[in-house]
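Take a look at the structure set out below.
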Amino acid sequence: MAFWGQKQEPENEQVQQPASQQSLDENHQNLIKTKGRTPSIDLAIKLSDLILEHAVKERASDVHIEGQGANLRVRFRIDGILQDMLNAPRNAELPLTQRIRVLAGFDPEPPTSFRTEEGRFQKIIAGRPIQVRVSSFPTVNGEKLVLRVLDRQQLGLDLEQLGMDESNLSIIKKMIRNPYGIFFITGATGSGKTTTLYAILKNINTPMINVITLEDPVEYRLEGINQAQISAKTGFTWAEGLRTILRQDPDVIMVGEIRDYESAEISLRSALTGHLLFTTIHTINAPSIIERLFEMGVPPFLIASSMLGAVSQRLVRKVCRNCAQKAAPPSEVVVNEFIKNMDPIEGKVVKELILEANANYMVEKGCPACRNTGYVGRTGIFELMLMNEDIRKQVLEHSPTDVLRRTAIQAGKMKTILMDGIMKARSGVTTLSEVIRVTATLV
Ligand SMILES: [Zn+2]
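Residues 408 to 850, numbered by my numbering, are exactly what the sequence shown covers, in order.
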């Protein structure tokens, strides 16, 4: 049996593929062939480089390095889903995790008492600078490292690249040119909120305006924009940061997140006094942002007079162009079952949208190009709610989310996140099952 827990290489080797086309596993096998199998720092450096190169090549957002029984397991999160990439014997773990600990600025040895650690480093990988954020966590199986890979090239900081349809795109471009007001972005962790915020800032930034951000943490450095990082340790909180920013003569302010009355109140008031603000808030959809602000104690008149609108978003995987197959629309029985718990008006729109003629539905299959997942890359699905007279009236009446939502759909012609997802499935960008997977918690 092979020492590394992998099957033996065949005796008569085939012509080797170039390194860039080989899997992490194959490259790892070649590495131990030239370097020997004794765990050493030299091997660990090469192996960590190999893992990072593959992570960038495979567009992984996170790399998990963890002990699993006798094995060291390396997994990549690609398009939001974790995938096994490498299993090596456990005794390779020590030098490898030490190497990454040193890169991240930690002590080489993991702490003996329970303590989580965070660090970061930058490295030239695949010819460009890649930032890596490292988090260490002590488990009963030993240390678990998670590396967040921040690749600007993958980020696509243009509004046009986010996946908005033309109507949403033109509305948002017009709205972010308002001289003052506040605009909210909501969505689960990893739904692309930060990317959308950065794309908006990049779109409106010119040397003639002063753009300041308050973030926790600053994820990417943006050119020409003043970015500041929240630090609870030094008392630089959201509220304190906002007060400081307002003395810096800003035109546009981005507040990473609003989570309490104090920061909500300062944000909405400054939106009334000539500043344009963008922020995120944790809610399930766009209309429920208003109820969340009510819960924080923000008075309805302040919301009604300062809010420009809100967008809620999720990311869906794009179906692999190489192997996807055409699919028939679902039967009416299936659709009826799917919409039975929805608001009747919304359900009707959803049903018509799914069953309308001329759809180009696809179903995922799987091939080497997509690592047999059926999907490559991701795109956003959006729900854009604009403040208008009807919604303003509901806000002033302190209406609950379901009333606001119905008003936005009926009077404001708001397309929900599910409807936008169905449109993307209809055009063959993604599949209906993927849209339902991603929006399942919304209906
Ligand atoms: Zn494929």
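We put the CB at the ideal spot given by N, CA and C, even for glycine.
As the structure is a prediction and not an experimental result, all values here were calculated from the model.
Under the rule that 16 or more other beta-carbon atoms within 10 Å means buried, what is residue i, buried or exposed?
{"i": "Ala426", "result": "Only weak support is given to the placement of Ala426: the predicted model assigns it a pLDDT of 49, under 50, and the value that follows is read from those uncertain coordinates. Per the 10 Å Cβ criterion, exposed."}
{"i": "Thr846", "result": "buried"}
{"i": "Lys414", "result": "With a pLDDT of 33 at Lys414, under the threshold of 50, the modelled position of that residue is not reliable, and no figure is offered here."}
{"i": "Leu762", "result": "exposed"}
{"i": "His805", "result": "exposed"}
{"i": "Pro657", "result": "buried"}
{"i": "Gln662", "result": "In the sequence as presented, Gln is not what sits at residue 662; that position holds Val. By the 10 Å Cβ count, Val662 comes out buried."}
{"i": "Ala477", "result": "exposed"}
{"i": "Gln423", "result": "Per-residue confidence for Gln423 stands at a pLDDT of 40, beneath the threshold of 50, marking its modelled position as unreliable; no derived number is given."}
{"i": "Gly512", "result": "exposed"}
{"i": "Ile616", "result": "exposed"}
{"i": "Asn419", "result": "Per-residue confidence for Asn419 stands at a pLDDT of 38, beneath the threshold of 50, marking its modelled position as unreliable; no derived number is given."}
{"i": "Asp449", "result": "exposed"}
{"i": "Arg535", "result": "exposed"}
{"i": "Glu567", "result": "exposed"}
{"i": "Val740", "result": "exposed"}
{"i": "Thr546", "result": "exposed"}
{"i": "Asp514", "result": "exposed"}
{"i": "Gly631", "result": "exposed"}
{"i": "Ser695", "result": "buried"}
{"i": "Arg844", "result": "exposed"}
{"i": "Leu554", "result": "buried"}
{"i": "Asn692", "result": "buried"}
{"i": "Gly716", "result": "buried"}
{"i": "Phe590", "result": "buried"}
Nearer than 7 Å: is that true of the beta carbon of residue i relative to any heavy atom of ligand 3?
{"i": "Gly773", "result": "Only ligand 1 can be found as ligands here, which leaves ligand 3 out of the picture."}
So what's residue i in DSSP terms, helix, strand or just coil?
{"i": "His689", "result": "coil"}
{"i": "Gly754", "result": "helix"}
{"i": "Asn494", "result": "strand"}
{"i": "Arg508", "result": "helix"}
{"i": "Gln908", "result": "Given a span of 408 to 850 for the chain in the structure shown, any question on residue 908 remains unanswerable."}
{"i": "Glu416", "result": "Since pLDDT at Glu416 reaches only 34, below the 50 mark, its modelled position is unreliable, and the value read off the structure follows with that caveat. Here Glu416 sits in coil by DSSP."}
{"i": "Gln424", "result": "Bear in mind that a pLDDT of 42 at Gln424, under 50, signals an unreliable position, so the number given afterwards is only what the model happens to contain. It is coil, neither helix nor strand."}
What residue does the alpha helix (DSSP H) around residue i start on, and which one ends it?
{"i": "Met708", "result": "Inspection of the sequence shows that residue 708 is occupied by Phe rather than by Met. Segment Pro707 to Ser713, the alpha helix (DSSP H) holding Phe708."}
{"i": "Glu524", "result": "From DSSP, Glu524 is part of no alpha helix (DSSP H) but of the beta strand (DSSP E) over Glu524 to Ile532."}
{"i": "Glu516", "result": "Run containing Glu516: none; DSSP gives neither H nor E here."}
{"i": "Asn748", "result": "Premise fails: Asn748 is in no alpha helix (DSSP H) and is neither H nor E."}
Just to confirm the assignment, what range does the beta strand (DSSP E) spanning residue i have?
{"i": "Arg364", "result": "Here the chain covers residues 408 to 850 and nothing more, so residue 364 does not appear."}
{"i": "Val625", "result": "From DSSP, Val625 is part of no beta strand (DSSP E); its letter is neither H nor E."}
{"i": "Val539", "result": "Arg535 to Thr546"}
Runs of 3 residues minimum, wholly inside the stretch 764 to 850: which ones carry the beta strand (DSSP E) assignment?
Those beta strand (DSSP E) runs which fall completely within the stretch 764 to 850 and span 3+ residues are 782 to 793.
Scan the stretch 629 to 685 and note each continuous beta strand (DSSP E) run of 3 residues or more that stays entirely inside, going in chain order.
Every beta strand (DSSP E) stretch that sits fully inside the stretch 629 to 685 and reaches 3 residues is listed by chain position as 633 to 636 and 659 to 662.
Uninterrupted beta strand (DSSP E) stretches inside the stretch 438 to 485 (no shorter than 3 residues)
Listed in chain order, the beta strand (DSSP E) runs fully inside the stretch 438 to 485 are 467 to 475 and 478 to 485, counting runs of at least 3 residues.
Residue ranges of each alpha helix (DSSP H) run of no fewer than 4 residues wholly in the stretch 554 to 618, ordered along the chain?
Listed in chain order, the alpha helix (DSSP H) elements of length 4 or more contained wholly in the stretch 554 to 618 are 559 to 562, 573 to 582 and 600 to 611.
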